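Protein chains in written order, with this note's numbering: chain A, 55 to 461; chain B, -19 to 354. We treat Cβ as the ideally placed atom computed from N, Cα and C, and that holds for glycine. Here the structure is a predicted model, which is why all the values come from computation and not from measurement. Reading through the structure tokens given below for one structure.
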């Protein structure tokens, strides 16, 4: 049904009336049929719904508890982000990138800065690159914690959410310490980072990582192997590699289907080629490859890999040195004329920036490839045929952030 | 203090024996007062317990550092809220539904014996009455879901109806097992069976005596199975997690009471917590010896202080069972609607039927435990 780009106002597909004979009904002659007409019900899920993770609206047609058709309706959070990118200077635009995927603002900063640096040919000092890596990977852990916590919430398990947020709080404290903000960091700047690491920051991160690794196992007790959780997620929303690729899915959703594809490995940016880490993929431990449980599991494993990366980055962090490239430390930054695309591995998938510069302070065109936007498109093909409760499980497992979908 | 106990003893004797009508009024008022205070306490317990499970603090401002009056404050807030009735709703049904839903839980309280002496309504069909009357709640929920004119509410109501009717069967069947053993539907007599003296002498002199039967949960393997089945089914009957489909927050927004506000909403709230107490109390009475603190060893007490002690024991058991409900709710994810039905029809009903059958066979043989082993 991918080709049918239907609007939400379209009429529901008509269904033939079902007729049942009631055998042995003494009041009716044996050859009459009773017309039991079932009717499809269109329900409106969102934009104010607890499980659509923001202001996503899903027009859903249901037959009893079975979803027959789903039509995602987006645009409730559209803020003209791409157009703003053309009307403010590149340096002014960095804070705007915080607001797309507000759960992974560091990654958004990074993607944009890397793209600008690519077009403008800016060389970033090594120390800044390490600090960027640490900040970005911590942010990835925080983002996955929200994904996992809210996924439990979607399935009616409230408690894991608070455990996830307890860990996330620690990360937010660390990130607040270095840049003063908990959510919209604006920390990674074109040419480097905002400021150097404060005293004690590195040691605190090490302490946190040691604690966090032991606490990661708590999620296995709380959620992963819970019988009801497995019954709700295994074999639900199975997504094959072919379909995932066809819909342009990236990130944990693609890897959950079993494809080992991670931009940190495929097109190493920053210093990712210096670190050792695995790329977890879904293997269908509890059900089929590519089910909701696999996508959840991939996120859980990725947090452990991020911990490994942060550890290595902390070990290799050079003492002293510049944190900002020389030629961009002023507001009159002008890019070279040219164009370029750069994609990074955001917690939700490939976050790409395509920039065209005419040599001025603003970019001539800034286009954002948001992972959640592409991942969301799969819902239309995944939801039909599932139950209403499974629809919630699937939406949660795709892990979208609406700020990024609409931009 | 010296004169207080005789005074209370006297007041007690008068209220329980001499003035029948006064006692009735007192009982009804007592039930009303109890259900409100109980709901307040249960909500507070739930919030505190869930906070403990979730590495939070829970209410800690209103009413001392333990937030004891938080529920009262919330209740007051609800009482002063605007009573919204949606324009396109069926206004009469919408207005009546919370009262109907509340009726079931409220009426069930009347038949609960709290101690040998404190019973609002001592009827011979106590178990039957409670099973029947608590099912009224589903009508209220259906009315609420239908009259709200909201598709999510309707979904919640449909799920509630399907779930409640499915789980009435195993819970009633499970209750039939102790009824089969004791030969009575009277809750007081069922408790009496559990503390029946071993030597058969009913007029005991001393405080402590032995009773062969013990609590019915440990009377025989089949009564234990019945206890577990009843407890699981009762979770579904009070719409508690993991069976909280009718108000599944993440799926149905808030289910059948999505459109309700203010006092009408709080009536659904009262109904839920009232039901939680009723099923816990029935489980405590029928399976866990009611007001007797220990299995196999019974206490012979009476008068005001004795009844007070029994009341404490009975409430402690009920609160424990309620706490287990809370514990389960904050531990388990929600089941899917078909999984709930599978659990009811494919597992609980056959198990409870089998337990009933086996109990009948055991009773026929006159054995309690595995024949040949005990």
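Residue burial classification, residue i (beta-carbon count within 10 angstroms, cutoff 16)
| i | result |
| --- | --- |
| residue 307/B | exposed |
| residue 56/B | exposed |
| residue 349/B | exposed |
| residue 13/B | exposed |
| residue 318/B | exposed |
| residue 169/A | buried |
| residue 75/A | Bear in mind that the predicted position of residue 75/A carries a pLDDT of just 49, short of 50, making it unreliable; the figure below should be weighed with that in mind. With fewer than 16 other Cβ atoms within 10 Å, it is exposed. |
| residue 186/A | buried |
| residue 204/A | buried |
| residue 322/A | exposed |
| residue 336/A | buried |
| residue 268/A | exposed |
| residue 381/A | exposed |
| residue 17/B | exposed |
Cβ distance (whole Å) where residue i is taken to contact residue j below 8 Å
| i | j | result |
| --- | --- | --- |
| residue 246/A | residue 377/A | 5 Å |
| residue 176/A | residue 244/A | 7 Å |
| residue 198/A | residue 353/A | 5 Å |
| residue 195/A | residue 225/A | 6 Å |
| residue 273/A | residue 202/A | 7 Å |
| residue 411/A | residue 418/A | 6 Å |
| residue 428/A | residue 317/A | Not really, about 14 Å apart at Cβ, beyond 8 Å. |
| residue 451/A | residue 291/A | 6 Å |
| residue 136/B | residue 125/B | 6 Å |
| residue 213/B | residue 92/B | Contact doesn't hold; Cβ gap of about 18 Å is too wide. |
| residue 40/A | residue 240/A | Absent from the model: residue 40/A. The displayed extent of chain A is 55 to 461, so no value can be given. |
| residue 157/A | residue 190/A | The pair is not a contact, with the Cβ atoms about 13 Å apart (cut-off 8 Å). |
| residue 432/A | residue 293/A | 7 Å |
Beta carbon proximity, residue i to chain D, threshold 8 Å
| i | result |
| --- | --- |
| residue 222/B | In the structure shown, chain D cannot be found, because the protein chains are A and B. |
CB contact check: residue i to chain B, cutoff 8 Å
| i | result |
| --- | --- |
| residue 444/A | yes |
| residue 283/A | yes |
| residue 455/A | no |
| residue 438/A | no |
| residue 268/A | no |
| residue 416/A | no |
| residue 451/A | no |
| residue 97/A | yes |
| residue 162/A | no |
| residue 212/A | yes |
Residue i and residue j closer than 8 Å at C-beta
| i | j | result |
| --- | --- | --- |
| residue 467/A | residue 331/A | Because chain A is modelled from 55 through 461, residue 467/A falls outside the range shown and cannot be assessed. |
| residue 123/B | residue 80/B | yes |
| residue 440/A | residue 346/A | no |
| residue 155/B | residue 210/B | yes |
| residue 290/B | residue 281/B | yes |
| residue 117/A | residue 94/A | yes |
| residue 260/A | residue 368/A | yes |
| residue 15/B | residue 254/B | yes |
| residue 263/A | residue 365/A | yes |
| residue 325/A | residue 166/A | no |
| residue 305/B | residue 212/A | no |
| residue 146/B | residue 315/B | no |
| residue 195/B | residue 157/B | no |
Minimum Cβ-Cβ distance from residue i to chain A less than 8 Å
| i | result |
| --- | --- |
| residue 259/B | no |
| residue 265/B | no |
| residue 35/B | yes |
| residue 317/B | yes |
| residue 310/B | yes |
| residue 233/B | yes |
| residue 71/B | no |
| residue 335/B | no |
| residue 313/B | yes |
| residue 168/B | no |
| residue 28/B | no |
Any non-hydrogen atom of the ligand FAD closer than 7 Å to residue i Cβ
| i | result |
| --- | --- |
| residue 460/A | Within the structure as shown, the ligand FAD is missing, as the structure has no ligands at all. |
Ordered list of beta strand (DSSP E) runs contained in the region 270 to 341 of chain B, each at least 3 residues = Segments of the beta strand (DSSP E) lying fully in the region 270 to 341 of chain B: 277 to 279.
In chain order, each alpha helix (DSSP H) run of at least 4 residues that lies wholly inside the region 148 to 212 of chain A = Positions of the alpha helix (DSSP H) runs, each at least 4 residues long and wholly inside the region 148 to 212 of chain A, are given as 159 to 174, 180 to 208 in order along the chain.
Where in the region 313 to 379 of chain A do unbroken runs of the alpha helix (DSSP H), each at least 4 residues long, occur, reported from the N-terminal end onward?
-> Within the region 313 to 379 of chain A, the complete alpha helix (DSSP H) runs of at least 4 residues are 317 to 320, 346 to 370.
Segments assigned alpha helix (DSSP H), at least 4 residues, entirely inside the region 246 to 322 of chain A = List check, alpha helix (DSSP H) in window: 255 to 273, 281 to 287, 295 to 300, 306 to 310, 317 to 320.
4 or more residues per run - each alpha helix (DSSP H) lying fully within the region 53 to 125 of chain B | Scanning the region 53 to 125 of chain B for uninterrupted alpha helix (DSSP H) segments of 4 residues or longer gives 71 to 90, 106 to 114, listed from N- to C-terminal end.
Scan the region 92 to 137 of chain A and note each continuous alpha helix (DSSP H) run of 4 residues or more that stays entirely inside, going in chain order.
-> Within the region 92 to 137 of chain A, no complete alpha helix (DSSP H) run reaches 4 residues.
Run through the region 173 to 209 of chain B for me and flag every whole beta strand (DSSP E) of 3 or more residues, listed as ranges in chain order.
-> You should have 188 to 190.
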